[in-house]
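Be aware that the sequence shown starts at -14, since it is given in my numbering, and climbs by one per residue.
Written out below as structure tokens is the structure these notes cover.
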Amino acid sequence: MYICQFKKTTKFIFLLLAIFIVGCATKKIVLPTSQVKPTWFAGEGNFNYLTYEGRVVPHLFFDFAPRMDMRTKLVDVFITTPRDSEVNFELDLVSGRIFKERKLCKEKDIWNDYTSKVHTPNFSWAVIPRLLGRNGKPQRVAVFGDLKYLVDGSFPREETVQVQIIGGYILKSCLTGLCDLNDDWESEVILVAKSMLDESLQEVQGLNTLKKYVDWGYAKAFIENSMGRNDVGRKLKGAYRLESPILPNRALKYVINSGHLFSNDELQTLKTSCRKVYDDALDIFQKEEGLSKRFIDFYRNHLDRFSLCRKYVRPFNIQKEKDKHWKLEFLTAFENAVHTGYYFDCRLKTWVRNVRNSKGKFVVDQRKLIGGCRDNEIAASFPAAITLLSSASNSGAPYYRYIEYDSGADTFNQKIYNWVWSNGKKQSCAPKEENSAPIFPYDVRFTLE
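So this is what it looks like as structure tokens:
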């Protein structure tokens, strides 16, 4: 399935109200927010998701209509991590919910540009609904301003808030620790915005004036250090670097033109098509006899569509079709192992580290290698993929982990039911047991029954 670039933006009229109640000497703030209208998980069958009250579960990325104004640079965003939060949260595109990415701690600046330690953000992380960055992930925005001007009540809220883009920066990342040349670093554009209601930022029109009102050195150091660092031969190296300021109009145009903005028709087509892809994928697991033939045919002819669907569309509802749900999660684990940099050797019945050639492509092509596998060897590859992904979570390299409930004292108990990506990097101040949780439920076993 090919998704074309959608480069048009939707113009809208901005309405900003502030109601002053003089008699009580208090001020009620009316935020420029938009409430979600759940449709992504609506419908019949085993693909719809409802709350305990019978309401359709909102999808915080797909259910909001994209609203941006290039002239005023006003954009709707969804807050993912509030200012001063001791936990960093990320948005899962499949479930449409936020989950705990890591607990933040007091960290020294690995680049030695900021003398004090950094701990919690002095801004709020947000994403623009339906807009993917060039890297295929939700477009991130660093929003400055008091949280009371960004969230209408307690966090999190199923709403977007309007902010003004004042610039952008290029965030470079090196997740191998071996990026000696500048060209080896990956890059993405991070937008910078301000609250329209925070009076302390009224004079801020761009990045230069922003630095007069906020501790930008702290913000920069936080971004570069809060996502972890590389541990190469017992030597710590920076994994992130913020560079090259960008003017507001240019930054906003770039993320729209280089990224992807989902349209309503496109989302409907994606959802409908992926349900058919998931039905076809289930045919692989009818029985062990003929498993190899069915898997090889699917892997060679339909894998690209399956991989695309697993990035955005939830498979079968675990509450209604538990067996079907887990079968597709094992199939996803196989593909995650390949993406992590391994291939399955059927003769050895184990996963083997793949290497890249000078052009950056894997030397061993799993699609070709899989042709000589037998039924029992294919069956063994799925639980072996779980074992591999579990060991990869302690390697310091990017890995995948499956989240059922994002539970804990510092979470919001969201139902994720999906594999999520992690950069594998730790802060040097983080406790060693931080990532000790299993990457897949212990009580789930692969069966063909």
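Note that CB positions come from ideal geometry on N, CA and C, so glycine has one too.
If you draw a straight line from the C-alpha of residue i to the C-alpha of residue j, how long is it?
| i | j | result |
| --- | --- | --- |
| residue 59 | residue 149 | 5 Å |
| residue 376 | residue 384 | 9 Å |
| residue 264 | residue 402 | 18 Å |
| residue 388 | residue 73 | 16 Å |
| residue 293 | residue 258 | 11 Å |
| residue 130 | residue 93 | 24 Å |
| residue 125 | residue 176 | 6 Å |
| residue 210 | residue 305 | 42 Å |
| residue 356 | residue 363 | 10 Å |
| residue 206 | residue 27 | 42 Å |
| residue 435 | residue 378 | In this structure the chain extends from -14 to 434, so residue 435 is not present and cannot be described. |
| residue 381 | residue 215 | 7 Å |
| residue 102 | residue 227 | 17 Å |
| residue 116 | residue 274 | 44 Å |
Excluding five sequence neighbours on each side, which residues of the same chain lie with their C-beta closer than 7 Å to the C-beta of residue i?
| i | result |
| --- | --- |
| residue 135 | 64, 109, 128, 146 and 180 |
| residue 260 | 32 |
In the DSSP assignment, the beta strand (DSSP E) including residue i goes from what residue to what residue?
| i | result |
| --- | --- |
| residue 277 | Premise fails: residue 277 lies in the alpha helix (DSSP H), 276 to 286, not in any beta strand (DSSP E). |
| residue 337 | 335 to 338 |
| residue 403 | 399 to 407 |
| residue 352 | Element bounds for residue 352: not the beta strand (DSSP E) but the alpha helix (DSSP H), 351 to 354. |
| residue 437 | With the chain covering only -14 through 434, there is no way to say anything about residue 437. |
| residue 213 | Taken as a continuous stretch (DSSP letters only), residue 213 belongs to no beta strand (DSSP E), as it is neither H nor E. |
| residue 20 | 18 to 20 |
| residue 357 | From DSSP, residue 357 is part of no beta strand (DSSP E); its letter is neither H nor E. |
| residue 345 | From DSSP, residue 345 is part of no beta strand (DSSP E); its letter is neither H nor E. |
| residue 223 | 220 to 223 |
Between residue i and residue j, which are expected to be in contact by the criterion C-beta below 8 Å, what is the C-beta distance as a whole number of angstroms?
| i | j | result |
| --- | --- | --- |
| residue 255 | residue 408 | Not quite, the Cβ-Cβ distance comes to about 26 Å (not below 8 Å), so this is no contact. |
| residue 312 | residue 354 | Not a contact, Cβ separation roughly 23 Å. |
| residue 231 | residue 152 | 6 Å |
| residue 61 | residue 114 | 7 Å |
| residue 373 | residue 328 | Going by Cβ atoms, the distance from residue 373 to residue 328 rounds to 11 Å, so no, they are not a contact pair. |
| residue 319 | residue 370 | 5 Å |
| residue 144 | residue 18 | 5 Å |
If you drop the 5 nearest sequence neighbours on each side, which residues of the same chain put their C-beta closer than 8 Å to that of residue i?
| i | result |
| --- | --- |
| residue 40 | 23 |
| residue 352 | 284, 285 and 288 |
| residue 190 | 151 |
| residue 100 | 94 |
Need the endpoints of the alpha helix (DSSP H) that residue i sits in, please.
| i | result |
| --- | --- |
| residue 243 | 233 to 243 |
| residue 27 | Looking at the DSSP string, residue 27 is not in any alpha helix (DSSP H), and its letter there is neither H nor E. |
| residue 368 | 360 to 377 |
| residue 260 | 249 to 267 |
| residue 298 | Element bounds for residue 298: n/a, residue is neither H nor E. |
| residue 308 | 307 to 325 |
So, at 6 Å on beta carbons, what are the nonlocal neighbours of residue i in its own chain, with the 5 sequence-adjacent residues on each side left out?
| i | result |
| --- | --- |
| residue 323 | 351 |
| residue 132 | 67 and 68 |
| residue 368 | 431 |
Taking 7 Å as the line, does the beta carbon of residue i fall inside it for any heavy atom of the ligand SAH?
| i | result |
| --- | --- |
| residue 433 | Here there are no bound small molecules, and the ligand SAH is not part of this structure. |
If we require 3 or more residues per run, which beta strand (DSSP E) segments fall completely within the stretch 133 to 206? The stretch 133 to 206 is shown to contain whole beta strand (DSSP E) runs of 3 or more residues at 144 to 158 and 171 to 180, in chain order.
What runs of the beta strand (DSSP E), each 3 residues or longer, lie entirely inside the stretch 35 to 117? 59 to 66, 72 to 77, 82 to 88 and 109 to 117
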